[in-house]
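As you go down the protein sequences, you meet chains W and F in turn.
Start counting the first sequence at 7; every next residue gets the next number (the numbering used here).
Start counting the second sequence at 7; every next residue gets the next number (the numbering used here).
Beta carbons: idealized from backbone N, C-alpha and C, even for Gly.
Number of protein chains: 2
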Amino acid sequence: MKEELECEQTIIHEDVIKKVSKKIKDEDELVDLAEFFKIFADSTRIRIINALIHSDMCVCDIAYLLNMTHSAISHQLKILKQAKIVKYEKIGKVVYYSLDDDHIERIFHMGVNHIEERK
Amino acid sequence: MKEELECEQTIIHEDVIKKVSKKIKDEDELVDLAEFFKIFADSTRIRIINALIHSDMCVCDIAYLLNMTHSAISHQLKILKQAKIVKYEKIGKVVYYSLDDDHIERIFHMGVNHIEERK
DNA sequence: TGAATATATGAACAATTATTCATATATTCA
DNA sequence: TGAATATATGAATAATTGTTCATATATTCA
């Protein structure tokens, strides 16, 4: 027989499907949620976030601290900015970045806790 | 002049660097943390997690619910399994997946809250 | 104004990763 | 035992994404 259309008649637990499909969030919202976690899913960005937890910093400071080029840091800061993870203030030539709110720090620490607990 | 070696003498805020470098976590730990968030950073996996919050489910159920192939779901479940996000129990031919602990659900909801608050 | 400095950014390249396809394994049941 | 079913998986492909390189913009200060 031809490959069946993937479970079209083979729902194993129809009751479960019914119950769960009522409760799960819209696909759109879950796509946004994945997008949000994507921000934390890069070690450069996580290191920037970790640094900014402790102090506002300018691009040059961050680049020096992480031993990376200004360009790489600037690109990642752009992503963090667009995602409203960081805010910034320009004073003269220097742009100071800081975490947008303490929600970010809480999510960071929740991840840390999980990592440390499973050791 | 040649492109300077990226801030080697141009530390703008030496005091900040000093303070922050003492407080930030080891790079290794932050790499692990990014790896952990990577698990949540895919919409298929987030949708699986969201489903499993509401009920244990088998591969076929999940595939039907998300309208995806068994293979795609199985591959993602493998990643979730390896990351200890889900656990499973095989009964006969059927493998039932469930969230490994309620930590996972809390991290999921923390993300949801952030998304919803910023609307 | 012009040199120096701090940051930003487009394009190219390299690396990673999700899905598909084909196939394999495991289990049930006639 | 053999057909049917549920799940798993390796390899290939397609898509996404991080960094580098070159260059642009903005600001200060002599």
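Worksheet entry | chain W contact for F:L36 (CB, 8 angstroms cutoff) | Residue mapping note: residue 36 of chain F aligns to position 30 of the second sequence, counting from 1. Interface with chain W (8 angstroms Cβ-Cβ cutoff): F:L36 is included.
Discussion item. For the ligand GDP, is there any heavy atom lying closer than 7 angstroms to the beta carbon of W:E20?
Written reply: Of ligands this structure carries none, so the ligand GDP is not represented either.
Practice prompt. Indicate the three-state DSSP secondary structure (helix, strand or coil) for F:K44 in the structure shown.
Written response: Locating residue 44 of chain F in the second sequence gives position 38, where the first residue counts as 1. Helix, per DSSP.
Worksheet item: Are the C-beta atoms of W:S104 and some chain F residue less than 8 angstroms apart?
Response: Taking the first residue of the first sequence as 1, we reach residue 104 of chain W at position 98. No, because no Cβ of chain F sits closer than 8 angstroms to the Cβ of W:S104.
Worksheet entry | Contact belief for W:C64 with F:I18 at Cβ below 8 angstroms, rounded distance in angstroms | Your numbering for residue 64 of chain W matches position 58 in the first sequence. Your numbering for residue 18 of chain F matches position 12 in the second sequence. Their Cβ separation, rounded to whole angstroms, is 6 angstroms, which keeps W:C64 and F:I18 in contact under 8 angstroms.
Worksheet item: So F:K31 is in the beta strand (DSSP E); what residue range does that whole segment cover?
Response: Counting from one through the second sequence, the residue named residue 31 of chain F turns up at place 25. Boundaries cannot be given for F:K31, as no beta strand (DSSP E) includes it and DSSP labels it neither H nor E.
Worksheet item: From W:L71 to F:I68, what does the alpha carbon distance come to, in whole angstroms?
Response: Counting from one through the first sequence, the residue named residue 71 of chain W turns up at place 65. Counting from one through the second sequence, the residue named residue 68 of chain F turns up at place 62. As the crow flies, the alpha-carbon of W:L71 is around 44 angstroms from that of F:I68.
Discussion item. So, with DSSP's three-state summary, where would you put F:K96?
Written reply: The residue given as residue 96 of chain F occupies position 90 in the second sequence. In the displayed model, F:K96 falls within a strand according to three-state DSSP.
Practice prompt. Would you tell me roughly how many angstroms separate the C-alpha atoms of W:K44 and F:I52, rounded to the nearest one?
Written response: Taking the first residue of the first sequence as 1, we reach residue 44 of chain W at position 38. Taking the first residue of the second sequence as 1, we reach residue 52 of chain F at position 46. Looking at the two C-alpha atoms, the distance is approximately 11 angstroms.
Worksheet entry | Rounded C-alpha distance that separates W:D62 from F:G98 | Taking the first sequence and counting its residues from 1, one reaches residue 62 of chain W at position 56. Taking the second sequence and counting its residues from 1, one reaches residue 98 of chain F at position 92. Using only the alpha carbons, I get a separation of about 56 angstroms.
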